[in-house]
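Novice: Numbering (my numbering), first residue to last: 631 to 957.
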Ligand code: GLV
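1) Residue 931: beta carbon under 7 Å from a heavy atom of the ligand GLV?
2) Three or more beta-carbon pairs under 8 Å between the segment 923-934 and the segment 722-740, yes or no?
3) If you check the beta carbons only, do residue 848 and residue 828 fall under 8 Å apart?
4) Compute every distance between the C-beta of residue 682 and the non-hydrogen atoms of the ligand GLV, then say whether any falls below 7 Å.
5) Excluding sequence positions up to five away, which residues of its chain have a Cβ less than 6 Å from the Cβ of residue 791?
6) Run the CB neighbour count on residue 694, radius 10 Å, all protein chains shown included, and call it buried at 16 or more, exposed below.
7) Need the endpoints of the beta strand (DSSP E) that residue 657 sits in, please.
8) Run the CB neighbour count on residue 762, radius 10 Å, all protein chains shown included, and call it buried at 16 or more, exposed below.
9) Go ahead and label residue 952 buried or exposed: buried means 16 or more other beta carbons lie within 10 angstroms of its beta carbon, across all protein chains shown.
10) Could you pull out every residue in the same chain whose Cβ sits closer than 7 Å to the Cβ of residue 958, ignoring the five residues on either side in sequence?
11) Contact between the segment 931-943 and the segment 695-714 is defined here as three or more beta-carbon pairs at a separation below 8 Å; is this criterion met?
12) Excluding sequence positions up to five away, which residues of its chain have a Cβ less than 8 Å from the Cβ of residue 718?
13) For the alpha helix (DSSP H) holding residue 800, just list the boundary residues, first then last.
14) Determine the extent of the beta strand (DSSP E) in which residue 922 is found, giving its start and end residues.
15) State yes or no: is the C-beta of residue 892 within less than 8 Å of the C-beta of residue 914?
16) Which residues bound the beta strand (DSSP E) around residue 836?
17) Roughly how many angstroms lie between the CA atoms of residue 803 and residue 927, to the nearest whole one?
18) Just to confirm the assignment, what range does the alpha helix (DSSP H) spanning residue 754 have?
19) Is any heavy atom of the ligand GLV found at a distance shorter than 7 Å from the C-beta of residue 707?
20) Which runs of the beta strand (DSSP E), 3 residues or longer, sit entirely within the segment 658-729?
21) Is it the case that the segment 742-758 contacts the segment 804-815, given that we only count it when at least three CB pairs across the two stretches are under 8 Å?
22) When burial is assigned at 16 or more other CB atoms within 10 Å of the CB, is residue 741 buried or exposed?
23) Out of 682, 852, 771, which one is the CA nearest neighbour of residue 874?
24) Measuring only the C-alpha atoms, how far is residue 635 from residue 794?
25) So does residue 732 have its beta carbon nearer than 7 Å to some heavy atom of the ligand GLV?
26) Which residues in the same chain have their Cβ closer than 6 Å to the Cβ of residue 682, if we skip the five residues on either side of it in sequence?
27) List the whole-angstrom C-beta distance separating residue 743 from residue 777, where the pair is believed to meet the contact cut-off of C-beta under 8 Å.
28) Along the chain, where does the alpha helix (DSSP H) that runs through residue 734 open and close?
29) State the DSSP-derived secondary structure class of residue 804, mapped to helix, strand or coil.
30) Give the single residue among 894, 736, 945 whose Cα lies nearest to the Cα of residue 615.
31) Kindly examine the ligand GLV and report whether one of its heavy atoms sits closer than 7 Å to the Cβ of residue 644.
This is the structure:
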């Protein structure tokens with residue numbers, strides 16, 4: 631009997647996905663909610679043919695060196711900034727990821743954040759719970775900015791950016807976008823306009839970030855960029871925390887250079903409870919839950935499982951983050 635391939639899953643994931651993997655491989659699942667330490671991860675990878683990771687697992691060249699039998703890494707996320715893709719490619723190891731199944735959920739959350747920040751949903755909820763709602767209604771209380779008929783600037787037009795644009799058109803917003811490459815067909819279909827980043831920053835009422843974290847996008851939105859934005863604008867980040875310079879953001883908010891921020895990602899994660907951003911009423915923060923819809927997360931787990939199984943079987947991954955490994 632041929633021994634089954636060994637795989638290590640760094641966190642508990644949906645049961646159906648684990649069942650799929652278990653049918654084909656000798657599987658070990660890390661039982662804790664916290665990630666294995668880098669040392670433990672390397673030890674687990676030492677005799678593994680496949681490892682299923684998520685954004686908290688550091689997959690660097692030391693990891694690959696410690697894993698001589700490895701034939702695939704499967705990441706349960708679309709972003710792979712925790713993985714040294716170059717090192718994986720050099721060793722001929724394909725890295726799977728999960729685009730296509732989480733864009734709509736992440737776009738929904740983006741809109742939840744836009745609306746929450748603009749219409750002061752979280753702030754007013756806190757006020758009600760604190761027993762402050764003593765006067766039933768006042769025409770001048772709780773005014774917020776209008777989302778409908780405002781201008782949205784999307785930075786990064788991948789699948790999530792496109793889904794955000796579709797929702798924005800439903801809200802009757804003007805949609806501007808900036809991306810590495812222009813996408814004329816989608817532009818025409820949805821009805822949006824490509825502009826350079828400075829123009830996007832100057833014209834948008836909401837600037838929403840959807841680009842991957844790379845050396846080029848690290849602190850893409852810093853002091854200079856915030857200075858270009860309208861003082862009435864709201865910055866939304868559902869991409870990766872380090873795309874925004876957090877210190878500059880705090881200063882811009884305190885100095886009234888920006889009206890608010892809505893963040894699903896921070897630098898670092900989790901944000902420290904004493905981070906000064908948490909003292910500001912015009913900041914809404916959710917704990918990196920963009921893709922956390924039930925349906926989407928299950929689909930992510932199934933896709934990650936299929937990528938892992940394809941990798942250990944020597945087949946091409948359904949969704950590969952380093953396709954150059956095949957050339
Ligand atoms: C989540 O952050 C992802 O990259 O899928």
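Heads up, the beta-carbon is just placed ideally off N, CA and C, and yes, glycines get one too.
Specialist: According to the structure data:
1) no
2) yes
3) no
4) no
5) 784, 840
6) buried
7) 655-659
8) exposed
9) buried
10) Because the chain is modelled from 631 through 957, residue 958 falls outside the range shown and cannot be assessed.
11) yes
12) 689, 694, 703, 724, 725, 952, 955
13) 789-800
14) From DSSP, residue 922 is part of no beta strand (DSSP E); its letter is neither H nor E.
15) yes
16) 836-839
17) 29 Å
18) 751-759
19) yes
20) 680-683, 702-705
21) no
22) buried
23) 852
24) 40 Å
25) yes
26) 639, 704, 934, 938
27) Contact flag wrong, Cβ pair sits at about 11 Å.
28) 733-748
29) strand
30) Since the displayed the chain opens at 631 and closes at 957, residue 615 lies outside it and no answer follows.
31) no
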